[in-house]
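Residue numbers (the working numbering): 119 to 341.
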């Protein structure tokens, strides 16, 4: 069965909407709109730069996306504001079930890894601040090869860390594009559908859909 379980970070382990509290200080009643556009633009710019072959770090993409979201919503800002708000990405909240779920997976003798488009400068602090470093066997960043998910080259990084077969890896993400990318590479996938969304059928479907990581743990115990 699965020897390695690989988690996406943003939206899967970490709740990106937890930046809204800081945005409230700058954007007021526009903070929710800014937060959503920030995340959507962050993803769009990541995909576009991957296709164009014009790589910049995820840190820079995230800051540029924030600037766009603020400007689009006519929220004034300066350079220091961008850095202050961006720093919230280094201390995002975990979804509430994550710590206990990771512990349960360790009890099942699984190797646990995080694989993200985020740079190590973003991943190390957020994981450390969340207190889950001791539960992870590795942290893998697409920045290592400057190839963003969902490119096949990015998912191949996992196999450089772990000498296993592709069907011995379970890839877990809340993002449908990430699930399709990982499945296209040959990993089994678990889609974490926290908000009862519809799966975007723009590629391979997930092997299993779960509402949260507790349900994933339950499924793995039965399989």
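Glycine included, every Cβ here is placed at the ideal spot set by N, Cα and C.
Query	Result
Residue 177, DSSP secondary structure in three states	helix
Whole-angstrom distance between residue 201 and residue 268, CA atom to CA atom	27 Å
Exposure label - residue 178; buried when at least 16 CB within 10 Å	exposed
Residue 230: first and last residue of the uninterrupted beta strand (DSSP E) it sits in	229-234
For residue 209, the nearest candidate out of 248, 309, 161, 176 (CA to CA)	248
C-beta atoms of residue 125 and residue 328 nearer than 7 Å	no
Segment contact flag, the stretch 238-258 with the stretch 275-282, C-beta cutoff 8 Å, min 3 pairs	yes
Residues of its chain near residue 240, where Cβ-Cβ distance is below 7 Å and the 5 sequence neighbours each way are ignored	176, 177, 207, 208
Buried or exposed by the 16-neighbour rule on C-beta atoms within 10 Å, applied to residue 336	exposed
Simplified DSSP assignment, three categories, for residue 144	helix
Collapsed DSSP secondary structure at residue 277 in the structure displayed	helix
Inter-residue spacing [alpha-carbon to alpha-carbon] between residue 265 and residue 181	19 Å
Segments assigned alpha helix (DSSP H), at least 4 residues, entirely inside the stretch 193-249	197-204, 216-225, 238-248
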